[in-house]
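Working notes, structure below.
Residue numbers (the numbering used here): 584 to 1456.
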């Protein structure tokens, strides 16, 4: 009796498993929707987490045992006097401090073919060789150096160790000379050891060499300056966050305002803040993919209830209660959610590997680990199970409310009416979403979350209003269906109106998937349009001259003397710190930006700044800029630090904190917009920075790009180790990077389209099942298999047309919302661009997806046995 009681309680689960096996095709279809939804959410979580952890791992492992980091407060790359080591090590609680000087160089033999490479975070890792000067005695006690072969460097000898990766790549071995570029020409360092790409060997993607600190300081004119001190503290302090914070504060007080004491994890902060907006966008798109999947799951369980109406009626007649019927459907949902979530996790990890490779190309660095965050795993599993249960609940409740007599009377059919409260609720949700997007001033901390939820509300509200216009749009689409498919087109098109609820969900899934693809493509078009205008206007010129090491200023005069050169201007980029008092609460921790030093007189001969809207007369802006202690700030910096024209921005300089007047706000995409531009004279005066990163050349009338390029390269390429690149080549690189950036969003959008296609298949299969007797009747009256196929294809085409119209319409609305959202999140000043080709492509996708998805249901319909179909109930 006890055994039977336990078996009886498992009856709903057993019946569900039997039903899933019998109808394995529909089970697989539904499961696939869950798999894709869970996979996308997990893949984005893994991609984001792996990217940030890879970036942090480099700095964490490079710091070794260090718990604190001492750097110059100005962050301009000049470093600070290394003599403060004794002041640091004499502090109670400090065991040791390892000084290091970082410089950028290149193998002399690589210089002739060197070209700059960059990603979202700036110059690409591995584009140049990072040479690190370290104390040979102290550093191995702090940082990890896994010597694979050879030995460690000694004293102040001209020798170096390099990574095995770099040695293999450049075909170098122990005993060879590492011939590198230095400001005075070239120098040789004897290779005495090879280290593995772990610990300190992770720096610069393994393209790194270590040499004695005095050697690096001497070769690169650094005097006694170093860039950082890695500080090791007593274990009991290192293991206590409170004591470590107290020691950090005491050390900062002892060293004064010229130095900054931080944790090693603070390295790479500028890169991570540049990626934050990008990663938020990926996370939002992943939620939308699951949102589309919910429609598929709902339709699938509606199909289950419809298909098994008589079976459930019989079970009710034999004594099964409403609760047991509810459990029967939800048991199937439970099993499907577990299987779908498990497979989704596996597929999500695979998908993450693809996305990580793509993102690695965008950020121009190797993402060398794939980590599955526990919170991301739990979230994707929980959301997958919750969405499955939520989508199955309504069909389960509908099944439980069906009376035995009604169910036994005839095969279940969907009601042809949708209650007014459904579309009224949809309108209400759209109004709430509109207010959330355009009217409510959300606090910055929750603005992204609130905006994302408002967009989802808008999409869901639009879904509920679809039944209002199904009849109208079907009538409009019918003539086209008749034109393409003949009289069968009229039959197929008319079938769409027979199940308005089911049609609405299918149209909604198409609409959401299509609108996301259109919105992403439109956002990319707006971004590429503005960044192209910036390259052509703000950067200006015809040729760019760069070198692996900063060039001397007087080289500009030599370039200007060449035939065909009509003008030359110089620019230097370096990092600066925003004073703590100038950082608003919502930008806490974002204290590093890029400073671009320019000569205002020569700059305007070659290029022009693209000022943001409402900045007044450009000549007046330049006049104020020339007076000194003034900046042109980007729209991103203006937004992030709440600044406008006429305000003051306080920066940390070599001579203490200094207020700079905001002469104008300009459009600038350098460093994802985290940039300010100042006078060359101010750069030298306040930051003591010298050297040129790029010379921009304007051609004289009558000369071509090729002619001047050859003139520059023939005279200076070997002696100066320069590279010359045309504006068009640079623009192509920028546009390619922009397209790569949006390619990840396209992948997520296309997954949404695939889920929508599964929904079309599901709906058409339900319709074929529901009309099996009708199809048999038509076949008995002479309808051929091909005509049956055309009828189903016409129905799919009508669904595609309705979904396409909605998708294009909401895609247009979402496009403008996305442009506004990116402007709000990043501080850009993008303008919406109506890209005709994007909407044409969207229309083709809607029609193509509907037709491809209809092939299997059409084949099943055409294969219906006439006699069995007529007997079917």
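Note that beta-carbon positions come from the ideal geometry of N, C-alpha and C, so glycine has one too.
Quick caveat, the model's predicted, so the values are computed rather than measured.
| request: Determine the burial state of residue 1427: buried for a count of at least 16 other Cβ atoms within 10 Å of its Cβ, exposed for fewer. | output: Taking the first residue of the chain shown as position 1, residue 1427 is located at position 844. By the neighbour-count rule (16 or more Cβ atoms within 10 Å), residue 1427 is not buried but exposed.
| Is the number of C-beta pairs between the stretch 1134 to 1147 and the stretch 1204 to 1223 that are closer than 8 Å three or more? | no
| What is the rounded straight-line gap between the Cα of residue 567 and the Cα of residue 1046? | Outside the shown range of the chain (584 to 1456) lies residue 567, about which nothing can therefore be said.
| query | Do residue 1009 and residue 1044 come within 7 Å of each other at the CB atom, strictly closer than that value? | reply | Reading the chain shown from its first residue, position 461 is the one you call residue 1044. Reading the chain shown from its first residue, position 426 is the one you call residue 1009. Yes, these two residues count as a Cβ contact at 7 Å.
| Among 1363, 1079, 622, which residue has its Cα nearest to the Cα of residue 961? | Taking the first residue of the chain shown as position 1, residue 961 is located at position 378. Closest by alpha carbon: 622.
| task | May I have a chain-ordered list of the alpha helix (DSSP H) segments no shorter than 4 residues that lie completely inside the stretch 1097 to 1177? | result | 1138 to 1143
| field | Sheet register partners of residue 983 (DSSP bridge) | value | Counting from one through the chain shown, the residue named residue 983 turns up at place 400. Paired residue(s): none; residue 983 is not in a bridge.
| task | Starting from the C-beta of residue 797, find all residues in its chain whose C-beta is less than 6 Å away, skip the five residues before and the five after it, and write them out in chain order. | result | Stepping through the chain shown from its first residue, residue 797 is reached at position 214. Closer than 6 Å at the Cβ level, and outside the excluded window around residue 797, lie 739.
| For residue 1199, which three-state DSSP category applies? | Position 616 of the chain shown, counted from the start, is the residue given in the question as residue 1199. Coil, per DSSP.
| query | If you draw a straight line from the C-alpha of residue 1219 to the C-alpha of residue 1313, how long is it? | reply | Translated into positions along the chain shown, residue 1219 becomes position 636. Translated into positions along the chain shown, residue 1313 becomes position 730. If you take the alpha carbons of residue 1219 and residue 1313, they lie about 23 Å apart.
| How many angstroms separate the CA atom of residue 1198 from the CA atom of residue 1152? | The residue you call residue 1198 lines up with position 615 of the chain shown. The residue you call residue 1152 lines up with position 569 of the chain shown. Spanning the two alpha carbons is a distance of roughly 24 Å.
| query | If you check the beta carbons only, do residue 1475 and residue 1387 fall under 7 Å apart? | reply | Since the first residue of the chain shown is 584 and the last is 1456, residue 1475 is not available in this structure.
| field | Spatially closest choice to residue 1216 from 647, 1245, 925, by CA coordinates | value | To locate residue 1216, count along the chain shown from 1; it is residue 633. Closest option to residue 1216, Cα to Cα, is 1245.
| field | CA nearest to the CA of residue 801, picked from 1095, 756, 741, 750 | value | Position 218 of the chain shown, counted from the start, is the residue given in the question as residue 801. When each option's Cα is compared against that of residue 801, the closest is 741.
| field | Through-space distance from residue 775 to residue 759, alpha-carbon basis | value | Reading the chain shown from its first residue, position 176 is the one you call residue 759. Reading the chain shown from its first residue, position 192 is the one you call residue 775. Approximately 8 Å between the Cα atoms of the pair.
| request: Over the uninterrupted alpha helix (DSSP H) stretch that includes residue 954, give me the two end residues. | output: As a position in the chain shown, residue 954 is number 371, starting the count at 1. Per DSSP, residue 954 belongs to no alpha helix (DSSP H) and is neither H nor E.
| Measuring CA to CA, which of 771, 726, 1409, 1294 is closest to residue 784? | Working through the chain shown from its first residue, we reach residue 784 at position 201. Of the candidates 771, 726, 1409, 1294, the one whose C-alpha sits nearest the C-alpha of residue 784 is 726.
| For residue 1366, which three-state DSSP category applies? | Your numbering for residue 1366 matches position 783 in the chain shown. Reduced to three states, the DSSP call for residue 1366 is coil.
| query | alpha helix (DSSP H) containing residue 761: first to last residue? | reply | As a first step, residue 761 must be located in the chain shown, where it is residue number 178. Premise fails: residue 761 lies in the beta strand (DSSP E), 760 to 765, not in any alpha helix (DSSP H).
| message | Tell me the rounded alpha-carbon separation between residue 915 and residue 1361. | response | Against the chain shown, residue 915 aligns to sequence position 332. Against the chain shown, residue 1361 aligns to sequence position 778. Distance between the alpha carbons of residue 915 and residue 1361: 35 Å.
| Would you call residue 1229 buried or exposed, if buried means 16 or more other Cβ atoms sit within 10 Å of its Cβ? | For the purposes of this step, residue 1229 is identified with residue 646 of the chain shown, where counting begins at 1. Burial call: exposed.
| Is the distance from the Cβ of residue 1079 to the Cβ of residue 1381 below 7 Å? | Here residue 1079 corresponds to residue number 496 of the chain shown, with the count starting at 1. Here residue 1381 corresponds to residue number 798 of the chain shown, with the count starting at 1. Yes; because the gap between Cβ atoms is below 7 Å, this pair is in contact.
| C-alpha distance - residue 1222 paired with residue 1257, whole-angstrom precision | For the purposes of this step, residue 1222 is taken as the residue at position 639 of the chain shown. For the purposes of this step, residue 1257 is taken as the residue at position 674 of the chain shown. Taking the straight line joining both Cα atoms gives about 10 Å.
| request: Please confirm whether residue 963 and residue 625 have their CB atoms less than 7 Å apart. | output: Here the question's residue 963 lines up with position 380 in the chain shown. Here the question's residue 625 lines up with position 42 in the chain shown. Yes.
| request: Look up residue 1385 in the DSSP assignment and give the residues it is bridged to. | output: As a first step, residue 1385 must be located in the chain shown, where it is residue number 802. Beta-bridge pairing links residue 1385 to no other residue.
| task | Note down the Cα distance separating residue 1092 from residue 1101, rounded to an integer number of angstroms. | result | Here residue 1092 is taken as the residue at index 509 of the chain shown, counted from 1. Here residue 1101 is taken as the residue at index 518 of the chain shown, counted from 1. Distance between the alpha carbons of residue 1092 and residue 1101 is about 14 Å.
| field | Where residue 995 falls: helix, strand or coil (DSSP) | value | Within the chain shown, numbered from 1, the residue matching residue 995 stands at position 412. Caution applies to residue 995, whose pLDDT of 47 falls short of 50 and renders its modelled position unreliable; the value that the coordinates give is listed next. Here residue 995 sits in coil by DSSP.
| field | Cβ neighbour criterion (16 or more within 10 Å) applied to residue 695 | value | Residue mapping note: residue 695 aligns to position 112 of the chain shown, counting from 1. Residue 695 comes out exposed.
| task | Return helix, strand or coil for residue 1255, following the three-state DSSP convention. | result | Numbered from its first residue, the chain shown carries residue 1255 at position 672. Three-state result, residue 1255: helix.
| Nearest residue (CA-CA) to residue 729, options 675, 746, 778 | Position 146 of the chain shown, counted from the first residue, corresponds to residue 729. Ranking 675, 746, 778 by Cα distance to residue 729 puts 778 first.
| message | By the three-class DSSP mapping on this structure, what secondary structure does residue 774 have? | response | By 1-based counting over the chain shown, the position of residue 774 is 191. Strand at residue 774.
| query | Below 7 Å between beta carbons: does that hold for residue 650 and residue 663? | reply | Position 67 of the chain shown, counted from the first residue, corresponds to residue 650. Position 80 of the chain shown, counted from the first residue, corresponds to residue 663. No, the Cβ-Cβ distance between residue 650 and residue 663 is not below 7 Å.
| query | From the DSSP output, which residues share a beta bridge with residue 654? | reply | The residue you call residue 654 lines up with position 71 of the chain shown. DSSP output for residue 654 lists 811, 843 as bridge partner(s).
| query | Residue range of the alpha helix (DSSP H) that residue 800 falls in? | reply | As a working mapping, residue 800 is identified with position 217 in the chain shown. Taken as a continuous stretch (DSSP letters only), the alpha helix (DSSP H) holding residue 800 covers 796 to 802.
| task | Would you kindly check if the distance between the Cβ of residue 1444 and the Cβ of residue 1071 is under 7 Å? | result | If you number the chain shown from 1, residue 1071 lands on position 488. If you number the chain shown from 1, residue 1444 lands on position 861. Not a contact, by the Cβ cut-off of 7 Å.
| query | Could you give the distance in angstroms between the alpha-carbon of residue 1136 and the alpha-carbon of residue 1266? | reply | On the chain shown, residue 1136 is found 553 positions in, with the first residue counted as 1. On the chain shown, residue 1266 is found 683 positions in, with the first residue counted as 1. Looking at the two C-alpha atoms, the distance is approximately 13 Å.
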